[in-house]
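Trainee: Number -13 in my numbering belongs to position 3 of the sequence shown; there are no gaps in the numbering. We treat Cβ as the ideally placed atom computed from N, Cα and C, and that holds for glycine. Before anything else, here's the structure in question.
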Amino acid sequence: MPKKHRGVSHSTRPVSKRPPTWCKYKPEEVEAIVVKLVKEGHPPSKIGTILRDQHGIPLTKAITGKTITRILKEAELASSLPEDFGNLLRKATRLRVHLEKNKKDVHNKRALQIVEARIHKLTKYYKRKGALSPDWKYEPKAASLI
């Protein structure tokens, strides 16, 4: 009989909030690296991966006391939309363009419905949190311009 449980093979965050002893970066150096990477065009999620893999910095919050997005906001380099929300808008735009060319593609029509449902759900969340203005509304034509 197969088990209902799945494996738990994923990385876990360190328990300690203090920076590791083997990490020799100072907070100012980490912030400078983050600013340099965003100026090169990397999104915040990729910056975290680059810091981990190339510089050996496990968590910026443990070293600097701030998240990557907080560092970008203080440097006034943060985007107007949250990263995950912008990715969903781009995906919906790509799906709409595809569906204009392929009108009978019912599988991607369903995928577009699912993506737009996620967009509406995230819209409510980000309006509540203040990341989006209260009068912001999802319109496919306007989303393609973003």
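Which first and last residues belong to the alpha helix (DSSP H) in which SER29 is found?
Mentor: Unbroken alpha helix (DSSP H) run through SER29: 28 to 34.
Trainee: What's the gap between the Cα of ALA127 and the Cα of TRP120?
Mentor: Approximately 11 Å between the Cα atoms of the pair.
Trainee: Relative to the C-alpha of LYS1, which candidate in GLY25, HIS(-6), PRO42 has its C-alpha closest?
Mentor: Among GLY25, HIS(-6), PRO42, the Cα nearest to that of LYS1 is on PRO42.
Trainee: Does the Cβ-Cβ distance between PRO124 and ARG80 come in under 8 Å?
Mentor: Yes. Within cutoff.
Trainee: Pull up the distance between the alpha-carbon of PRO118 and that of TYR110, whole angstroms please.
Mentor: Computed Cα separation, rounded: 9 Å.
Trainee: Would you tell me roughly how many angstroms separate the C-alpha atoms of GLU67 and ILE103, rounded to the nearest one?
Mentor: Each residue's alpha carbon lies about 12 Å from the other.
Trainee: May I ask you to report which of helix, strand or coil DSSP gives ARG2?
Mentor: DSSP places ARG2 in coil when its eight states are reduced to three.
Trainee: Taking only three categories from DSSP, how would you classify ARG80?
Mentor: ARG80 falls in the helix class under three-state DSSP.
Trainee: Please state whether the Cβ-Cβ distance between ILE31 and VAL18 is less than 8 Å.
Mentor: It is a contact, given that the beta carbons lie within the stated cut-off.
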